[in-house]
Amino acid sequence: MNLALESYKKKIKGKQVAVLGFGVSNRPLAGTLTDWGAFVTVFDKKKEEDFSDILRDYKEKGIQFSLGENYLDNLKGFDIIFRTPGMRFDLPQIARALEKGAELTSEIEIFIKLCPAKIYGVTGSDGKTTTASLIYNMLEKQGYNCYLGGNIGTPLFEKVELIKPDDRVVLELSSFQLHTMNDSPHVAVITNITPNHLDVHLSMEEYICAKKNIFRYQAPTERIVLNADNLVTAGFLSEVPGKPVLFSSREEVICGAFLKNNHIVYRDTSEIDILPIEKIKLPGMHNVENIMAAISAVIPEVSTDAIRYVAQTFEGVEHRIEFVREIDGVSFYNNSIGSSPTRTIASLKAFNRKVVLIAGGYDKNLSYDEMGEVLHDHVNALVLMGDTARKIEQAYRKYTDEVGIEPVPIIRVFKMEAAVKEALSLAGAKGIVLLSPASASFDMYSNFMEKGNHFKDIVNSLGEQKETIQK
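If you read the sequence shown in my numbering, its first letter stands for residue 1179, the second for the next number, and so on.
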C-alpha cells in the first residue's frame, strides 16, 4: 500500500481546491482530485468558447470554472491552490489567498511526494528533453517498468496509483516547475545553465535558484549529476547534499563520464570504456554530452550493454535537429526546440558544413551577442522572422563590422511559408535548411511544437523541384 498516497487522499477529501491553469497536465489533475473527494474550481484566463466542448465532461463531474480576463479575482476561500508551472507564484491574488491560510503547491510537487518509485529528475537550459529520454530508454532497456513525464511524456498525476516501488520514473523539470519545489528527485541531473526565461524570472539569480531545487533537498546517499564544463553547474559542487557525479567533454573527472581518445569513459572506483563517439547516432557534441549525462545518472542500475545499445540506436526526439525531407538535393531540418541562442549555437555546430538558418521569434529578453561569430562560421544565409529578427541581425552585423568581413545574405520575412520559400532558393545544390529560432515561439505560435509542425507541414507540401517553388 502507498501510505503517502492514502494519507493525501484523506487530506484532500472535502477540501476546497483551486487549480490555476487548465492545460495538458492540470486537466487530469482536476479530474483526479475530484475523484478523491475534493471540491475543485479551475481558473484560466481563456474564455469558455476557447475550450470548445472539453469543459462539458469536467462540469458533469462537479468541477467549477472561473474563466476570462479577471479569472483570478475569485481566488478566495480555498484550502489548497495548485499553480500551473508558467504562472508566477507571487501574484497578488495568490499572495492574498496565502495570507488567508491557503496552501500553494503544484501537480508535479505533489506527484513527487506521492510517487512510491525511484525518481530521476532532469533539468537544464538545454538538452533536458533528450537527456531525460535517454535515461528513460536506458532504464527500459535494462528491464525496468518506466514512466516518462514532467515537461514531456504524459501527465503522471493520474497514474500515481498504478506506479509500484520497483518501477522507475523519469521527469523533465523546468525552472517554472522547480521554483516552489521542496522535494528533490532521488537522482538529479542538471545538463547546463545559461540565460533563459528572463521574460518570466525576475533575474538570472532567481532562475539559477529555481534550478537548485532539483538537488537542494536530496539525502546524502542520493545522486546529483552536474556538467563540469558549465561554470554555473560546476559551481554547485560545494552546495550539493547528495553524491556529486560529473560529466565533461573537455577534461577527465574523478567520478562520472568523460571523453578519452574519442571514447566515452565512465570512472568511479574503476574505469569503464563505454563506446567510441563515432557510434553514437545523435549528431553533435551537445548530444555526446547529453549521453554522458544520462550514463552518469543510470550506470549504477543499468548495464554497459544496455547503455551502448541506446547510445547507438536512439534517433532523437521530435523537433530536435529532426530531419524532415530532401527536396532537389536540399535537406530540411527542424530544430524548433532551439528557443535560446545557446540551443541554436549547439544545433549549428552539429553540422559539418554551413546552413541556411531560419531564426527569430518571441523575445525572452536574452542577449544574442554570442551568436555573431557562430553565425559567421556556420551560416551561408539568414532568413529572419518574428520579434527577435532585428536583435539577431544586429548581433551578426556587429561581429562582421568588428572583423571587417562581408555579411551573408539576410532576408526578413513575416510568415513561415515565405521563410521556407526564401531558404530553399538560397540553399543551393546539396544545401541544408535549418529551422532553429534562437527564440521562443509565442509571438506567432502556442509553443515550439506548433511552430515545428507548421514548418514540417510546409516543407512536406512543397514540390520536388526548386524550379516549381520559385515560379
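Where is the CB? At the ideal position from N, CA and C, for every residue including glycine.
Worksheet entry | Nearest candidate by alpha-carbon position, reference Q1396, set D1344, A1435, G1305, K1296 | K1296
Worksheet item: So what does G1413 bridge to, in DSSP terms?
Response: None; G1413 has no bridge partner.
Worksheet item: Shortest alpha-carbon distance to T1219 belongs to which of P1585, F1256, A1412, M1622?
Response: F1256
Worksheet item: Is it right to say T1447 is buried, meaning 16 or more other beta carbons lie within 10 angstroms of its own, or is it exposed?
Response: exposed
Item to complete: Starting from T1308, trace the alpha helix (DSSP H) both ways and give me its first and last residue.
Response: 1306-1320
Worksheet item: Thinking just about the alpha-carbon of each residue, which of W1214, R1205, A1208 is nearest to the one in K1191?
Response: W1214
Fill in: Selection from G1550, K1608, Q1271 that minimises the alpha carbon distance to E1584
G1550
Practice prompt. Return the chain-ordered ranges of every alpha helix (DSSP H) run that is complete within the stretch 1420-1496 and spans a minimum of 4 residues.
Written response: 1463-1476, 1482-1491
Item to complete: Look up N1638 in the DSSP assignment and say whether it is helix, strand or coil.
Response: helix
Worksheet entry | Close-in-space but distant-in-sequence residues of the same chain around L1424 (CB under 6 Å, 5 per side omitted) | L1404, A1406, V1431, G1434
Discussion item. Using a Cβ-Cβ cutoff of less than 6 Å, which residues in the same chain neighbour S1525 once the five nearest sequence positions on both sides are dropped?
Written reply: I1499, N1513, G1516, S1614
Item to complete: Throw me the rounded Cβ distance for the T1372 and S1303 pair, which I believe falls under 8 Å.
Response: 5 Å
Fill in: Burial state of T1262, where buried means 16 or more other Cβ atoms lie within 10 Å
buried
Worksheet entry | Inter-stretch contact (C-beta, 8 Å, three-pair minimum) for the stretch 1597-1608 and the stretch 1567-1584 | no
Discussion item. Let me make sure I understand the geometry here. Which of H1379, A1366, T1332, N1374 has the alpha-carbon closest to that of R1401?
Written reply: A1366
Item to complete: Note down, in chain order, each residue of its chain lying with its Cβ closer than 6 Å to the Cβ of Q1320, except the 5 sequence neighbours on either side.
Response: V1480, A1484
Item to complete: Could you pull the start and end residues of the beta strand (DSSP E) that D1257 belongs to?
Response: Careful: D1257 lies outside any beta strand (DSSP E) and carries neither H nor E.
Worksheet item: How about S1726 and I1392: do their beta carbons lie closer than 8 Å?
Response: What is shown of the chain runs 1179 to 1649, which leaves residue 1726 out entirely.
Worksheet entry | Opening and closing residue of the beta strand (DSSP E) in which G1328 lies | 1324-1328
Fill in: Endpoints, the alpha helix (DSSP H) within which S1517 is located
That residue, S1517, is in no alpha helix (DSSP H); it is neither H nor E in DSSP.
Fill in: Nearest candidate by alpha-carbon position, reference I1610, set F1592, E1336, F1510
F1510
Worksheet item: To which residues of the same chain is L1535 closer than 6 Å at the C-beta, ignoring the five residues directly before and after it?
Response: V1557, L1560, L1612
Worksheet item: What are the residues that DSSP puts in a beta bridge with E1500?
Response: N1512
Practice prompt. Please confirm if the stretch 1562-1580 is in contact with the stretch 1536-1543, defined as three or more CB-CB distances below 8 Å between the two stretches.
Written response: yes
Worksheet item: Taking all protein chains shown into account, do 16 or more other C-beta atoms lie within 10 angstroms of the C-beta of F1592, making it buried, or fewer, making it exposed?
Response: exposed
Fill in: Through-space distance from N1370 to F1436, alpha-carbon basis
15 Å
Discussion item. For T1283, which residues in the same chain have their Cβ closer than 8 Å to its Cβ, ignoring the five residues on either side in sequence?
Written reply: I1258, I1259, F1260, R1261, T1358
Worksheet item: Which whole-angstrom value describes the C-beta separation of I1616 and T1522, a residue pair presumed to lie in contact below a C-beta threshold of 8 Å?
Response: As written in the sequence, residue 1616 is Ala, which differs from the Ile given in the question. About 4 Å separates the two Cβ atoms, so the contact holds.
Discussion item. Helix, strand or coil for N1252? Go by DSSP, reduced to three states.
Written reply: helix
Discussion item. For Y1546, list the residues DSSP reports as bridge partners.
Written reply: BP columns for Y1546 are empty, so no partner.
Worksheet item: Where do the ends of the beta strand (DSSP E) carrying K1296 lie?
Response: 1296-1301
Worksheet entry | Residues bridged to T1219 [DSSP beta-bridge criterion] | A1196, Q1242
Fill in: Nearest-angstrom Cα separation, counted from G1201 out to N1248
18 Å
Discussion item. Can you look up V1378 in the DSSP assignment and give me helix, strand or coil?
Written reply: coil
Worksheet item: What's the call for N1440, buried or exposed, on a 16-neighbour Cβ count within 10 Å?
Response: exposed
Practice prompt. Measure the beta-carbon distance from A1208 to I1241 and round it to whole angstroms, keeping in mind my assumption that it falls under 8 Å.
Written response: 6 Å
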